[in-house]
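Q: The opening position of the sequence shown corresponds to residue 1 in the UniProt record's numbering, with each subsequent residue numbered one higher. Yeah, the Cβ is synthetic: ideal placement off N, Cα and C, and Gly gets one too. Just so you know, these numbers come straight off a predicted model, no measurement behind them.
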Amino acid sequence: MTAISPRYLLKRIIKNVICIITTCSGYQRVCRNKTNKKGLTILTYHSISNEIEPDETVTPEEFEKQLQYIKENYKVISLEEAVEYIQTDIEKISGSIVITFDDGYSDNYRYAYPLLNKHNFPATIFLVSDFINDKEGKYLSQSQINEMKSNNISFGSHTVSHRILTGLRNEEIIREIRGSKDILESRLGQRINSFAYPVGTMVDFNDGIIKTVRASKYVYACSNVYGINGNNTDIFALKRIGVETTDNFFIFKKKIGRSIEHLVI
Numbered sequence: 001m002t003a004i005s006p007r008y009l010l011k012r013i014i015k016n017v018i019c020i021i022t023t024c025s026g027y028q029r030v031c032r033n034k035t036n037k038k039g040l041t042i043l044t045y046h047s048i049s050n051e052i053e054p055d056e057t058v059t060p061e062e063f064e065k066q067l068q069y070i071k072e073n074y075k076v077i078s079l080e081e082a083v084e085y086i087q088t089d090i091e092k093i094s095g096s097i098v099i100t101f102d103d104g105y106s107d108n109y110r111y112a113y114p115l116l117n118k119h120n121f122p123a124t125i126f127l128v129s130d131f132i133n134d135k136e137g138k139y140l141s142q143s144q145i146n147e148m149k150s151n152n153i154s155f156g157s158h159t160v161s162h163r164i165l166t167g168l169r170n171e172e173i174i175r176e177i178r179g180s181k182d183i184l185e186s187r188l189g190q191r192i193n194s195f196a197y198p199v200g201t202m203v204d205f206n207d208g209i210i211k212t213v214r215a216s217k218y219v220y221a222c223s224n225v226y227g228i229n230g231n232n233t234d235i236f237a238l239k240r241i242g243v244e245t246t247d248n249f250f251i252f253k254k255k256i257g258r259s260i261e262h263l264v265i
């Protein structure tokens, strides 16, 4: 297993201390009564693996535990279905969960895919087109993508090379956004409707980039701006909640229950 960094350990300790404090103070009981299921939650995962990488990895065991909790307490719907209802009648899907993955790691196939199938959960994986079939095998292969696309997994674009769009010239932005769509549509033999901004915080995309995404004939796009989606949400800046390496089960439940603020630690 990859050596665990001091930064990871510190974040884990801080979150565990928060859990102890909230439990002892009675805040946990208060939160349980204030779980808010209004609006739509879109979760962001990256790697599902026993190899720990800072902030981006959830172990298969933790992922299975999270999926079981979601199954018992929420309805999981596809991103495509979610966007349709956001534009029409979000009350019909209020409290639902959408599962997404960024970057297209090969462990999404090895670990996440079987567990999603087990629970019959749809999910969307945002692919970086240049990463497909990489020599190291860190990212998904074409054959893995082909298998998953026939079994409840949809795919979206995460640019050509995962460069931060706000740091690029306009022609480079167009290449990253449109080029990835063209490549993925050719590889998958189907239309690519969804896009996810690399990194995706508020400083990683802007109105001009959103305009390019629209002009490139995407139908909707995901950010990683933390939050819940409602009737007024811009479907080209959908909010998501990231599931992090250092999230213990208590933190995970409170994140998707919307009864705890995002812990930026």
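Quick one: give me the first and last residue of the alpha helix (DSSP H) that D103 is part of.
A: Careful: D103 lies outside any alpha helix (DSSP H), inside the beta strand (DSSP E) at 97-103.
Q: Starting from F249 and walking both ways along the alpha helix (DSSP H), at which residues does that stretch end?
A: Taken as a continuous stretch (DSSP letters only), the alpha helix (DSSP H) holding F249 covers 249-256.
Q: How big is the Cα-Cα spacing for I256 and K135?
A: If you take the alpha carbons of I256 and K135, they lie about 36 Å apart.
Q: Go ahead and label T246 buried or exposed: buried means 16 or more other beta carbons lie within 10 angstroms of its beta carbon, across all protein chains shown.
A: Counting Cβ neighbours within 10 Å, T246 comes out buried, since at least 16 surround it.
Q: DSSP on F131, reduced to helix/strand/coil?
A: Here F131 sits in helix by DSSP.
Q: Per DSSP, which one or two residues make a beta bridge with S157?
A: DSSP output for S157 lists L127, F195 as bridge partner(s).
Q: What residues are listed by DSSP as bridge partners for T44?
A: The partner list for T44 (beta bridge, DSSP) reads T100, G242.
Q: Determine the DSSP secondary structure at T166, reduced to helix, strand or coil.
A: If DSSP states are grouped into helix, strand and coil, T166 belongs with the helices.
Q: If you draw a straight line from the C-alpha of D207 to the C-alpha of G156, how long is it?
A: Roughly 20 Å separates the two Cα atoms.
Q: Starting from the C-beta of S216, find all residues in its chain whose C-beta is less than 7 Å away, skip the five residues before and the five after it, and write them out in chain order.
A: So the list reads I177, R178, K181, once near-sequence residues are dropped.
Q: Cα separation between residue 319 and Y105?
A: Because the chain here runs from 1 to 265, residue 319 falls outside it and cannot be looked at.
Q: Spatial neighbours of I101 within its chain, please: CB distance less than 6 Å, with the 5 preceding and 5 following residues excluded, ordered by chain position.
A: With the sequence shown as reference, residue 101 is identified as Phe, and Ile is not the correct amino acid for it. Closer than 6 Å at the Cβ level, and outside the excluded window around F101, lie Y45, N108, I125.
Q: Taking its Cβ as the centre, do 16 or more other Cβ atoms sit within 10 Å of V203, making it buried, or is it exposed?
A: Exposed.
Q: Are the beta-carbon atoms of Y139 and L165 separated by less than 8 Å?
A: Contact: no.
Q: Pull the bridge partners of T57 from the DSSP assignment, please.
A: Answer is S47.
Q: For V83, which residues of its own chain have a beta-carbon under 6 Å away from its beta-carbon, when the five flanking residues on both sides are left out?
A: So the list reads Y220, I235, once near-sequence residues are dropped.
Q: By Cβ distance, which residues of its chain are closer than 7 Å to N33, with the 5 residues on each side in sequence left out?
A: Per-residue confidence for N33 stands at a pLDDT of 40, beneath the threshold of 50, marking its modelled position as unreliable; the derived number appears in the next sentence. Hits under 7 Å: none found.
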